[in-house]
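Protein chains: 4
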Amino acid sequence: MSTPLSDPLIIAGKTYRSRLLVGTGKYKDLDETARAIAASGAEIVTIAVRRTNIGQNRDEPNILDVLPPERYTILPNTAGCYDVETAVRTCRLARELLDGHNLVKLEVLGDEKTLFPNVLETLKAAEILVKDGFAVMVYTNDDPVVARELEAIGCVAVMPLAAPIGSGLGIRNPLNILTIVENAKVPILVDAGVGTASHAAQAMELGCDGVLMNTAIAAAKHPVLMASAMRKAVEAGREAFLAGRMPPRRFASASSPLEGLFF
Amino acid sequence: MSTPLSDPLIIAGKTYRSRLLVGTGKYKDLDETARAIAASGAEIVTIAVRRTNIGQNRDEPNILDVLPPERYTILPNTAGCYDVETAVRTCRLARELLDGHNLVKLEVLGDEKTLFPNVLETLKAAEILVKDGFAVMVYTNDDPVVARELEAIGCVAVMPLAAPIGSGLGIRNPLNILTIVENAKVPILVDAGVGTASHAAQAMELGCDGVLMNTAIAAAKHPVLMASAMRKAVEAGREAFLAGRMPPRRFASASSPLEGLFF
Amino acid sequence: MSTPLSDPLIIAGKTYRSRLLVGTGKYKDLDETARAIAASGAEIVTIAVRRTNIGQNRDEPNILDVLPPERYTILPNTAGCYDVETAVRTCRLARELLDGHNLVKLEVLGDEKTLFPNVLETLKAAEILVKDGFAVMVYTNDDPVVARELEAIGCVAVMPLAAPIGSGLGIRNPLNILTIVENAKVPILVDAGVGTASHAAQAMELGCDGVLMNTAIAAAKHPVLMASAMRKAVEAGREAFLAGRMPPRRFASASSPLEGLFF
Amino acid sequence: MSTPLSDPLIIAGKTYRSRLLVGTGKYKDLDETARAIAASGAEIVTIAVRRTNIGQNRDEPNILDVLPPERYTILPNTAGCYDVETAVRTCRLARELLDGHNLVKLEVLGDEKTLFPNVLETLKAAEILVKDGFAVMVYTNDDPVVARELEAIGCVAVMPLAAPIGSGLGIRNPLNILTIVENAKVPILVDAGVGTASHAAQAMELGCDGVLMNTAIAAAKHPVLMASAMRKAVEAGREAFLAGRMPPRRFASASSPLEGLFF
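Protein chains in written order, with this note's numbering: chain H, 1 to 263; chain Z, 1001 to 1263; chain S, 2001 to 2263; chain F, 3001 to 3263.
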């Protein structure tokens, strides 16, 4: 029924069956982290290098012990970075700790209240990282022009927010996401703002190539069950996109177009 | 990961694993009908008795040949009925043709343009059918007071519309559906108006016990794939409901409640 | 600039310049009531007969002292009635107290939690009142079939809710209101659920003939200023409706229709 | 009733009664332009210098003949500019033609399809213009971090889009607009995307200081009447904002908060 093999997600030349990417923050403990991530079916797991031990502290538990890089593609991210230099340095540290692994998720935040990206600093950092040989997946706002610039710089995936990080509000501006998808040649993944399963399905129905989330799973009452829900929601949304939904109309009758209406 | 066995849908005393109910109209041919229904995982299939042969015409193909009652719970419906008498007569005909099977879906329509129910006639017909021994699942508008009346009459499930039949617009008034769910002791299933997978997931996230659809699957470009999408979406939405989603808030920070905002 | 004289609201044969109808509940005192209603420009003021003294209690202050029937069309309503008999009796009492004045607003509520109408009881009461010579303006849900029935019975205006009474949520289902307007020959006025000025404007843009509100004005921090806001919003919405808005489209370019999109 | 004098809009030190700013494009002829602008009550009128004659062509009709600078504050804009240099040059040309008048509206567009701003080029151009002594009102996307940067550079007003220019879709992301308003010390005016009166009212209810529009008036069937509608809508929205709307809630009862719900 499912179509993972015939419809893979390809990022930086590597093929994935799952279109759900997850983070590792906010879980009760490492055991819950591992079980939720397993239930999500995710193959790419993003890790906040500034908050999580991937080898910086030799004497403390290493998250890679429960998320072995043989099984998961580790995606180090720059969460908590507010300027170009810190973000670039964080990516280089991650590459070193991960033996040359060059896939990163870049985020350069604009302020602590909204956690919106600073797109200017993001563009500068992306340019430096691409030139330095990184495969850059990049968190951005939902502005189609900014997304196009990030693609032009050479980012391997563009990741617009659905809503503010950690808000759970769902896709605030579906038309912007749709425009970004229509314009893009690289994968577009919604990153940040998803709160429940239907949000993830909607992102995929808009044509996104994947969804990245953390709080929506980790802050649910039952994270492992929510991880399973998200796995199915992403698959459902992808299949609905590929299946080609019926056009919406006011009524079943042939003569009930929606043109000119927009509520 | 999934929880079908521990979380069954119970209608009229019978237990179901699937919470997706489907119709049989608008498919290309009977083969596509059968394949799509199989892909949906549905265990309850609704059939418009006035439009579909379940034995009325002995010489024509019988839909029960591809939907054997041993495998599927057949749910005869009164689509196309605009008054109490026709609706009641249609249910009695179905019971006769199906050897005393007394589960029916009642719909009494109000007009041909909107296909909205006529709730007055629906209430009258429901009362007659319940007294006559039918187990009545009933299509209605999204008015919480009407839903409560239908439950009080003895209907075994109440099925508010998400949007007009065949519109594919999704849930027009989620707060009304939520209120109906909160007030109910019988199963609440969204019936009519779902257009794509995220709509089905949202219905389940609101706490509905199931979703019934036909056009959303049959009128997709690839109905079998859409049927699979809907199966996963209903499961995703149910699991998300059970998992207990994170509360929405404007920002990740603790001090960003949404109270008083409502966009 | 405005067009009140050339574009009157006509209810039960009487002509009004203002399309904003207001209630009298929840104000700090009678003085604030009078000032807010004056600022609203309303010509029709609805009064809850079961809660407000219009002469039942000879020794107490009479609201008609600050809302003289020479200046305002008094619209007695049946707020707080949950059955046919009480509603009908309340209307007859009002007619007696108001010397034969036969314009009433009928509401028969379904429950105390939602304050949704009980449309069955409403239809029965409406039938009795119309036969008894009343000019009935009737509060109802947003079901187009129920609205049509109420018009068929002989109600002089049909008043669907935007959202639950006192909620301030705005128009929950604009497509239903639009359908009611399209089908109607009598005036359609949105009643209940408006919370702020843009809601009132939107109701008028959908083609409604007027808006009735109470809490949105009385429960604002500054009721008199909100009354002025609502007056302008209703005029703005009416003028925008008459002016014929530009069609929405995704982009300014000619080739950006919205057909098939519906967020 | 109204509060124009006690609640002025102040931009670059000058005081205005009207909070509605309008453009001059897309009208049938100059007479219609003049009548619509008069009906709008606007005191600030924006003119696309690259498309409209304000003196560049001595032998052709000059729009300032129908919009005398003694009566209107002329706001030259850089519509049609896609790079820093053209935008800056256009502003300087306008200043020259208008005898040193230094108030401009800067827009640097990102592409012809969406007409979204290019925020990077916009920031660069804004910086140059501010240093060159211009009072810059600036068109931008609805990103709160970009808005804050534009304010930090010294722009006198920040003008986020509601939706793409010429789309008439209304405010796509009210929470973003609200965040921009909350963070700002300079006036925030919604620019682009308003389609009808309720949209303008909503912008003001969010706390915006004003609204700028062109197509919504000029492309209405009756532009002069729509101009009047918009005038009233902006006043209505402003008054509603100042009046302090009732909090939305699910039901009138005290125990029906909306927290945790977000449809």
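Ideal Cβ positions, reconstructed from N, Cα and C, are used throughout, including at glycine.
> When the cut-off is 8 Å and only beta carbons count, does Glu2235 (chain S) lie next to chain F?
Replying inline: yes
> Which residues in chain S sit within 8 Å of Thr1114 (chain Z), going by Cβ to Cβ distance?
Replying inline: Pro2144, Val2145, Thr2179
> How should Gly2166 (chain S) be labelled, buried or exposed, when 16 other C-beta atoms within 10 angstroms of its C-beta is the threshold for buried?
Replying inline: buried
> Between the segment 3032 to 3050 of chain F and chain S, which residues of the former have CB atoms less than 7 Å from a CB of the latter, in chain order?
Replying inline: Ala3039
> When you compare each of F:Pro3117, F:Pro3008, F:Met3226, F:Leu3169 to Ala3087 (chain F) by their alpha carbons, which one comes out closest?
Replying inline: F:Pro3117
> Between which two residues does the beta strand (DSSP E) containing Val1156 (chain Z) stretch?
Replying inline: Here Val1156 (chain Z) belongs to no beta strand (DSSP E), and DSSP marks it neither H nor E.
>> Quick test of your reading: Ser1018 (chain Z) and Gln202 (chain H), contact by CB under 8 Å. State the CB separation rounded to the nearest angstrom.
In response: Contact doesn't hold; Cβ gap of about 23 Å is too wide.
> DSSP three-state call for Thr3140 (chain F): helix, strand or coil?
Replying inline: strand
> How do the segment 223 to 232 of chain H and the segment 1216 to 1225 of chain Z stand: do at least 3 beta-carbon pairs fall below 8 Å, yes or no?
Replying inline: no
> Can you check whether the CB of Gly3195 (chain F) is closer than 8 Å to the CB of Met2246 (chain S)?
Replying inline: yes
>> Between which residues of its own chain and Leu1150 (chain Z) is the CB-CB distance below 8 Å, once the five residues before and five after are set aside?
In response: Thr1122, Leu1123, Ala1126, Val1138, Thr1140, Val1158
> From this set, F:Lys3221, F:Pro3174, F:Ala3200, F:Ser3006, which residue's C-alpha is nearest Ala2233 (chain S)'s C-alpha?
Replying inline: F:Ala3200
> According to DSSP, is Val2981 (chain F) helix, strand or coil?
Replying inline: What is shown of chain F runs 3001 to 3263, which leaves residue 2981 (chain F) out entirely.
>> Rounded to the nearest angstrom, what separates Asn3209 (chain F) and Ala3042 (chain F) at their Cα positions?
In response: According to the sequence as given, residue 3209 (chain F) is Asp; it is not Asn. Cα to Cα, the separation comes out at about 14 Å.
>> I'd like the list of long-range same chain contacts for Val270 (chain H), defined as Cβ closer than 7 Å, with 5 residues on each side in sequence excluded.
In response: With chain H represented from 1 up to 263, any question about residue 270 (chain H) goes unanswered, as that position is not in the structure.
> chain Z beta carbons: is any one of them nearer than 8 Å to that of Gly2110 (chain S)?
Replying inline: yes
>> Suppose you measure from the CA of Val2190 (chain S) to the CA of His3222 (chain F); what does that come to, to the nearest Å?
In response: 25 Å
>> Considering just the uninterrupted stretch of the beta strand (DSSP E) at Ile1011 (chain Z), what are its terminal residues?
In response: 1009 to 1011
>> I'd like the list of long-range same chain contacts for Thr3040 (chain F), defined as Cβ closer than 7 Å, with 5 residues on each side in sequence excluded.
In response: Correcting the residue type first, residue 3040 (chain F) is Ser in the shown sequence and not Thr. For Ser3040 (chain F), where only same-chain residues beyond five positions count, the Cβ hits under 7 Å are Leu3020, Val3022, Ile3217, Ala3227, Met3230, Arg3231.
> Going by alpha carbons, who is nearest to Val3108 (chain F) out of F:Gly3100, F:Ile3044, F:Arg3089, F:Glu3096?
Replying inline: F:Arg3089
> Given a threshold of 16 other Cβ atoms within 10 Å of its Cβ, counted over all protein chains shown, does Glu3060 (chain F) qualify as buried or as exposed?
Replying inline: exposed
> What's the C-alpha gap between Gly55 (chain H) and Leu98 (chain H)?
Replying inline: 9 Å
>> Going by DSSP in three states, Ile74 (chain H) sits in which element: helix, strand or coil?
In response: strand
>> Can you tell me which residues form a DSSP beta bridge with Asp3191 (chain F)?
In response: F:Leu3212
> Among all the DSSP beta bridges, which residues are the ones paired with Tyr1016 (chain Z)?
Replying inline: Z:Leu1009
>> With H, G and I counted as helix, E and B as strand and the rest as coil, what does DSSP make of Lys3105 (chain F)?
In response: strand
> By the criterion of Cβ-Cβ separation under 9 Å, what are the contact partners of Leu120 (chain H) in chain F?
Replying inline: Val3119, Leu3120, Leu3123, Val3145, Val3146, Glu3149
>> Rounded to whole angstroms, what is the Cα-Cα separation between Tyr72 (chain H) and Val45 (chain H)?
In response: 7 Å
> So, helix, strand or coil for Pro1004 (chain Z), using DSSP?
Replying inline: Reliability fails at Pro1004 (chain Z), whose pLDDT of 46 lies under 50, so the model's placement of it is uncertain and no value is given.
>> Can you find the residues in the same chain that come closer than 7 Å, C-beta to C-beta, to Pro1144 (chain Z), ignoring five residues on each side of it along the sequence?
In response: Asn1176, Thr1179, Ile1180, Asn1183
>> Going by DSSP in three states, Gly260 (chain H) sits in which element: helix, strand or coil?
In response: Any reading at Gly260 (chain H) needs caution, since the residue's pLDDT is 44, under 50, leaving its predicted position unreliable; the model's value is listed next. Here Gly260 (chain H) sits in coil by DSSP.
> From the beta carbon of Arg19 (chain H), is the nearest beta carbon of chain Z less than 8 Å away?
Replying inline: no
>> Does Leu1097 (chain Z) come out as helix, strand or coil in the three-state DSSP assignment?
In response: helix
>> Between Lys28 (chain H) and chain Z, is the shortest Cβ-Cβ distance under 8 Å, so that the two count as touching?
In response: no
> Given a threshold of 16 other Cβ atoms within 10 Å of its Cβ, counted over all protein chains shown, does Ile10 (chain H) qualify as buried or as exposed?
Replying inline: exposed
>> Please tell me whether Thr3078 (chain F) and Val3049 (chain F) are closer than 8 Å, where the distance is taken between their beta carbons.
In response: yes
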